[in-house]
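J.: Under our numbering, think of the first position of the sequence shown as 168, with each following residue one higher.
Let me begin by handing over the structure; questions about it come next.
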Amino acid sequence: MATVLRSRCAFARLFAGKTGQILNNSIDLGIKSAPESLSATSVTRHYSSYSKSPFADKITEQYNYEIVKNPPEWTYVERLLPFETIPQVKPKDSYPSGWVPPKEEASNHPYFMRRTKNHEVPIYLNLYDRGQRKITKLKRIEGDIWSMNDEIKSLLEKKANKYVETRVHELGTFIEVKGDYVNELKEWALSKGF
């Protein structure tokens with residue numbers, strides 16, 4: 168027979184109320200547990216539920232509505248819906264945001280960096296250890312990833328006047344550079360036509 172110790176019976180006292188029985192606690196109350204105290208004929212309590220509350224009634228109101236195909240108001244809803252696919256960019260001489268489209272000369276290199284679905288250059292800054300460790304990541308690289316790594320490394324070492332660590336992941340098709348070089352690498356990628 169299970170007994171509840173005094174230190175753990177505060178939770179049980181909360182639910183026992185004034186009945187005097189706390190989960191057959193013979194130690195706490197000093198009562199001998201008898202088979203008649205374990206009978207199943209005790210009063211059952213119905214705790215409230217949402218369906219039994221007086222505030223929950225079935226809605227009997229019916230609304231009159233009409234289904235219309237292609238109503239004229241649908242044009243206002245369509246413009247708020249997100250695009251299923253990102254539309255192609257309309258060619259212009261220059262864009263107000265400063266965005267530059269990819270050039271055809273990018274296919275002349277032994278490597279290639281594809282743009283994202285939003286037509287952006289896939290160069291990102293990842294922060295680790297609460298911003299103490301910064302890693303620049305170049306993604307979506309195709310072709311000779313090692314020659315691209317050598318070119319990036321020599322460019323950044325000239326600009327920073329120090330040794331720059333890089334890591335090439337051939338299967339993942341990305342290169343990681345230790346440090347924050349996002350702006351320099353984006354300028355380099357746009358000059359290459361990516």
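Idealized CB from N, CA, C, for every residue including glycine.
CA-CA distance, R334 and V344?
T.: Computed Cα separation, rounded: 6 Å.
J.: Hey, quick one: how far does the alpha helix (DSSP H) through I342 stretch, first residue to last?
T.: Segment 341-345 is the beta strand (DSSP E) holding I342; no alpha helix (DSSP H) there.
J.: Using CA atoms only, rank isn't needed, just tell me which of R297, G346, N328, S314 is closest to H276.
T.: Checked all of R297, G346, N328, S314; the closest Cα to H276 is S314.
J.: What does the alpha-carbon distance come out to for the pair V349 and Y278?
T.: Rounded to whole angstroms, V349 to Y278 spans 19 Å at the Cα level.
J.: Starting from E233, trace the beta strand (DSSP E) in both directions and tell me its first and last residue.
T.: Taken as a continuous stretch (DSSP letters only), E233 belongs to no beta strand (DSSP E), as it is neither H nor E.
J.: Taking the alpha-carbon positions, what's the E287 to A273 distance?
T.: Their backbone Cα atoms lie some 15 Å apart in a straight line.
J.: Can you give me the start and stop residues for the alpha helix (DSSP H) that N316 sits inside?
T.: Unbroken alpha helix (DSSP H) run through N316: 312-327.
J.: Return the first residue and the last residue of the alpha helix (DSSP H) that L352 is part of.
T.: Here the alpha helix (DSSP H) through L352 covers 349-359.
J.: Along the chain, where does the beta strand (DSSP E) containing V331 start, and where does it finish?
T.: First-last for V331: undefined, no H or E at that position.
J.: Going by DSSP, which residues form a beta bridge with I308?
T.: According to DSSP, which records beta bridges pairwise, I308 is partnered with M280.
J.: If contacts are defined as beta-carbon pairs under 8 Å, then R281 and E318 qualify, I think. What distance do you get, rounded to the angstrom?
T.: The pair is not a contact, with the Cβ atoms about 18 Å apart (cut-off 8 Å).
J.: So what does DSSP say about N285, is it helix, strand or coil?
T.: It is coil, neither helix nor strand.
J.: Where do the N-terminal and C-terminal ends of the beta strand (DSSP E) with Y295 fall, by residue?
T.: Run containing Y295: 290-295, per the beta strand (DSSP E) assignment.
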